[in-house]
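Visitor:
In our numbering, the protein residues as written are 292 to 951.
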């Protein structure tokens, strides 16, 4: 019978799968790029977890729309998935490498089980394999997830930021602090030395009562620190020591009856004066050491000025931060004219007098008996008396320096004044503002052409403040991070040895049951090349329908029933010269024609089984007529088919040596 004509394209396609697949081992040729990429991806994910925790540490919760634990959970899941994928590649390489070098069916099954079931890993056995160690570690890699969740928590902490605040603090100079009693001329007025204006009276009373400076509205969350410009004083001070006898008020006087001579010694004294040169002069004497015949003397003159104040806003309350002796002076305000010292400074001088004027005087009455007694004039001396002073031993009395508190009082009074409405009820206040030296108040007036000094009453100033607030923040717990990274690193390093020997493999390998069945010489897959990959086998034979069940011979005595996978609904028919192989169909297709050339034997029709000697067949063709004609050609000879054999009967193939 004439040889059937086979479509060229189909034959070439089959040849490309079965006859041109050489065995090509090599380091670069068979590098498991996907597995190595998975390991690298796991390392990158581990680094990203470190980055998330480092960046979020100390950051406010409100700044993160997606919480860091969410990122950590995603990265943990991705890391574990990549490690498991890499391990699956390692299991495949380890399985095929051992089968290539020779192993028992038991060892191959055991190695497959390590990659398939945790039970195989933890089951007691005397066999040790690096694959088992890796499988055990990979099984527990998921614990990095809970560890990373504990690595980020929420706590409260101080958060710093910069905010813009508009504060109701006048930057203008002081004016209108004492009452007008009369007028001497167009520019001269008589002012009281003992009476505040109504507004400054409220200021002094609020200071005495320690009333808080309230900011309305409060735009600061938490605590804000900033610097503002406002009216104040610049100080020029001197400090020295002098004998107690030279202190004003010390010396000998007679008593009211003229009987005794009273020796007076001033241990403490503060005097405040609204000086004629438009300054406030403060003199303080204080005996700072016990059993001393000298006292310390501090003398300060306070000049009107525009001063920078460091302030703090806490819960809507303003307080001063500046050290009394470290204020920065923006500019001095020089005054001219009569009585303007009282106009601008009078209220402050009166407030200092009320707070600090006083003395402590020791008297010694000589005569029949000697009696040394200390007298306190005003409450201020008692506030500065040393706690180590003894009531029975006058010479042990000592006092602290009141000058720092005087500075602080002037600063706070100035700030309270700058935050208080000062109505222009006194027309002479306009004259006071006008005569201020050029470059002071005039600069504010020039910024508002046509305005009156009322523009200076309560202008706002906008400043940049450093805001500190107690907010919930993310806190990174690095010990938990270290534990999670250790798990990831241990898993990664345990997987790497499973890749050992990839360069011995001659083609891409998988643990597909189809590919393994082909390696064990499954007769249903004999039409595929022995070195074909699972994808190539499926491409060639994927349309072949198979079924798991019982395959039987013609009679039970000829061949006992057997469970296996075969083509369904095909009953073997034994013809002359045909052979039935263990109850499994060898070469069978309904309505197929089979041609065997070489021994020139031909069987046509419904032949389902053919006996052939592969050693004698030089060329054979199979044509199958299904929906369309498919023809394939195979070259025989000494067919070197790659299959599972006894290790003693096979040697490792060399590159390019073995074909399907």
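Ideal placement from N, C-alpha and C gives every residue a C-beta, glycine not left out.
Nothing here was measured: the structure is a model prediction, and the numbers come from that model.
Can you name, in chain order, every residue of its own chain whose Cβ lies under 6 Å from the Cβ of residue 759, other than the five neighbours on each side?
Guide: Within the same chain, residue 759 has close Cβ partners 449, 451, 513 and 514.
Visitor: Determine the extent of the alpha helix (DSSP H) in which residue 365 is found, giving its start and end residues.
Guide: 359-392 is the span of the alpha helix (DSSP H), which, as asked, contains residue 365.
Visitor: Give every residue of the same chain whose Cβ lies closer than 7 Å to the Cβ of residue 612, excluding the five residues on either side of it in the sequence, and list them in chain order.
Guide: 516, 601, 602 and 603.
Visitor: Taking C-alpha atoms, which residue in 370, 543, 789 and 597 lies nearest to residue 780?
Guide: Among 370, 543, 789 and 597, the Cα nearest to that of residue 780 is on 370.
Visitor: Alpha helix (DSSP H) containing residue 400: first to last residue?
Guide: That run of the alpha helix (DSSP H) goes 396-407.
Visitor: Considering just the uninterrupted stretch of the beta strand (DSSP E) at residue 592, what are its terminal residues?
Guide: It spans 585-605 - the beta strand (DSSP E) in which residue 592 sits, taken as one unbroken run.
Visitor: So, residue 350 versus residue 765, is the Cβ gap smaller than 7 Å?
Guide: Yes.
Visitor: Which residue marks the beginning of the beta strand (DSSP E) containing residue 764, and which one marks its end?
Guide: Per DSSP, residue 764 belongs to the beta strand (DSSP E) from 752-767.
Visitor: With residue 532 as the anchor, note down where its beta strand (DSSP E) starts and where it stops.
Guide: Segment 514-534, the beta strand (DSSP E) holding residue 532.
Visitor: Between residue 379 and residue 337, what straight-line distance do the alpha-carbon atoms span, to the nearest angstrom?
Guide: Cα-Cα distance, rounded: 20 Å.
Visitor: What separation, rounded to the nearest whole angstrom, lies between the Cα atoms of residue 757 and residue 492?
Guide: Their backbone Cα atoms lie some 33 Å apart in a straight line.
Visitor: Which same chain residues end up closer than 8 Å to residue 422 when comparing Cβ atoms and leaving out the 5 residues on each side of it in sequence?
Guide: Counting only Cβ-Cβ distances below 8 Å, and skipping sequence neighbours, we find 381, 382, 385, 402, 405, 406 and 789.
Visitor: For residue 318, which of 524, 804, 797 and 330 has the nearest alpha-carbon?
Guide: Measuring from the Cα of residue 318, the nearest candidate turns out to be 797.
Visitor: How would you write the range of the beta strand (DSSP E) that residue 655 sits in, first residue to last?
Guide: Taken as a continuous stretch (DSSP letters only), the beta strand (DSSP E) holding residue 655 covers 649-656.
Visitor: Are the region 315-330 and the region 795-814 in contact at 8 Å, needing three or more beta carbon pairs?
Guide: With the cut-off at 8 Å, the region 315-330 and the region 795-814 touch.
Visitor: When we look at the beta-carbon of residue 702 and count the other beta-carbons within 10 Å, is it buried (16 or more) or exposed?
Guide: It is buried - the Cβ of residue 702 has at least 16 other Cβ atoms within 10 Å.
Visitor: Taking just the CA atoms, how far does residue 408 sit from residue 399?
Guide: Roughly 14 Å separates the two Cα atoms.
Visitor: Just mark residue 561 as buried or exposed, buried being the case when its beta carbon has 16 or more other beta carbons within 10 Å.
Guide: It is buried - the Cβ of residue 561 has at least 16 other Cβ atoms within 10 Å.
Visitor: Return the chain-ordered list of same chain residues with a C-beta closer than 6 Å to the C-beta of residue 666, the five sequence neighbours on each side being excluded.
Guide: So the qualifying residues of the chain are 652.
Visitor: On a Cα-Cα basis, can you pick out the residue from 589, 333 and 392 that is closest to residue 530?
Guide: Cα-wise, what sits closest to residue 530 is 589.
Visitor: Distance, Cα to Cα, residue 942 vs residue 840?
Guide: The predicted model places residue 942 with a pLDDT of 46, which falls under 50 and marks its position as unreliable; any figure quoted below should be read in that light. Whole-angstrom Cα-Cα distance: 35 Å.
Visitor: Three-state secondary structure (DSSP) at residue 414?
Guide: Coil.
Visitor: In or out: residue 447 buried (at least 16 other Cβ within 10 Å) or exposed?
Guide: Label assigned to residue 447: exposed.
Visitor: Assuming contact is defined by CB atoms lying nearer than 7 Å, are residue 366 and residue 333 in contact in what I supplied?
Guide: Their beta carbons are not under 7 Å apart, which means residue 366 does not touch residue 333 by this criterion.
Visitor: Please report the straight-line C-alpha distance between residue 586 and residue 594, rounded to a whole angstrom.
Guide: Rounded to whole angstroms, residue 586 to residue 594 spans 26 Å at the Cα level.
Visitor: Determine contact between the region 493-501 and the region 562-570, defined as no fewer than three beta-carbon pairs at a distance below 8 Å.
Guide: Not touching, per the Cβ criterion.
Visitor: As a quick exercise: from 528, 525 and 559, pick the residue whose alpha carbon is nearest that of residue 541.
Guide: Looking at the Cα atoms, 559 is the closest of the given residues.
Visitor: Skipping 5 residues on each side, what residues in its chain have a beta carbon closer than 6 Å to that of residue 606?
Guide: Correct list: empty, nothing qualifies.
Visitor: In whole angstroms, what separates the C-alpha of residue 418 from that of residue 357?
Guide: Rounded to whole angstroms, residue 418 to residue 357 spans 48 Å at the Cα level.
Visitor: Excluding sequence positions up to five away, which residues of its chain have a Cβ less than 6 Å from the Cβ of residue 427?
Guide: Excluding positions up to five away in sequence, the list reads 412.
Visitor: Pick helix, strand or coil for residue 446, following the three-state DSSP scheme.
Guide: Correct three-state label for residue 446: strand.
Visitor: What does the Cβ neighbour count give for residue 751, buried or exposed, with the cut at 16 atoms within 10 Å?
Guide: Label assigned to residue 751: exposed.
Visitor: Could you give the distance in angstroms between the alpha-carbon of residue 664 and the alpha-carbon of residue 575?
Guide: About 21 Å.
Visitor: Here's the rule: buried if 16 or more other CB atoms are within 10 angstroms of the residue's CB, otherwise exposed. What is residue 502?
Guide: So residue 502 counts as exposed.
Visitor: When the Cα atoms are used, what is the spatial distance from residue 599 to residue 354?
Guide: Approximately 34 Å between the Cα atoms of the pair.
Visitor: Tell whether a beta-carbon distance below 7 Å holds between residue 704 and residue 642.
Guide: Closer than 7 Å, so yes.
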